[in-house]
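Numbering (the numbering used here), first residue to last: 110 to 248.
Working notes for the structure below.
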């Protein structure tokens with residue numbers, strides 16, 4: 110392992126652009142990061158990422174669950190212990206969640222319904238409308 114201080118790593122440059130509503134704080138972001146949004150303990154990175162970028166970030170922040178989906182890397186809330194992605198677009202997060210975690214997930218998934226029960230947060234696919242969910246229709 111490298112003995113260089115964390116702030117001196119090569120992937121810490123160039124600095125990503127700030128989004129209009131949030132300034133970019135220093136972090137171990139991949140060089141291809143174009144924007145960073147933070148919501149409580151959750152972080153969304155936008156850019157043109159590769160699997161190597163995901164691995165690099167997972168090494169830099171090993172205690173967090175991190176996923177890559179096309180042009181977006183998500184660093185999930187600290188209480189997240191596991192994530193299940195289903196081919197129909199359904200996502201289950203397991204762990205210990207606080208109200209701020211739920212608010213952060215909803216803020217980063219504004220087009221989707223997000224529900225919370227016990228130790229699970231569910232992010233429903235956009236194909237399921239709120240009316241269909243209320244009727245119990247999960248097709």
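Think of the CB as a built atom: it goes at the ideal place given N, C-alpha and C, for glycine as much as any other residue.
Bear in mind that the values here come from a model prediction, so they are computed numbers and not experimental data.
Item                                                                                                                         : Value
Residue 146 in three-state terms, based on DSSP                                                                              : strand
Reference residue 218; option with closest CA among 136, 141 and 146                                                         : 146
Selected residue, minimal CA-CA separation from residue 136, among 222, 169, 185 and 197                                     : 169
The segment 190 to 197 in contact with the segment 149 to 163 per 3-pair CB rule at 8 Å                                      : no
Residues of its chain near residue 229, where Cβ-Cβ distance is below 8 Å and the 5 sequence neighbours each way are ignored : 201, 202 and 203
Residue burial classification, residue 186 (beta-carbon count within 10 angstroms, cutoff 16)                                : buried
Spatial distance of residue 214 from residue 157 (CA atoms)                                                                  : 22 Å
6 Å CB neighbourhood of residue 152 in its chain, flanking five on each side removed                                         : 184
C-alpha gap between residue 226 and residue 138, whole angstroms                                                             : 32 Å
Contained alpha helix (DSSP H) runs [length at least 4] in the segment 202 to 227, N- to C-terminal order                    : 208 to 217
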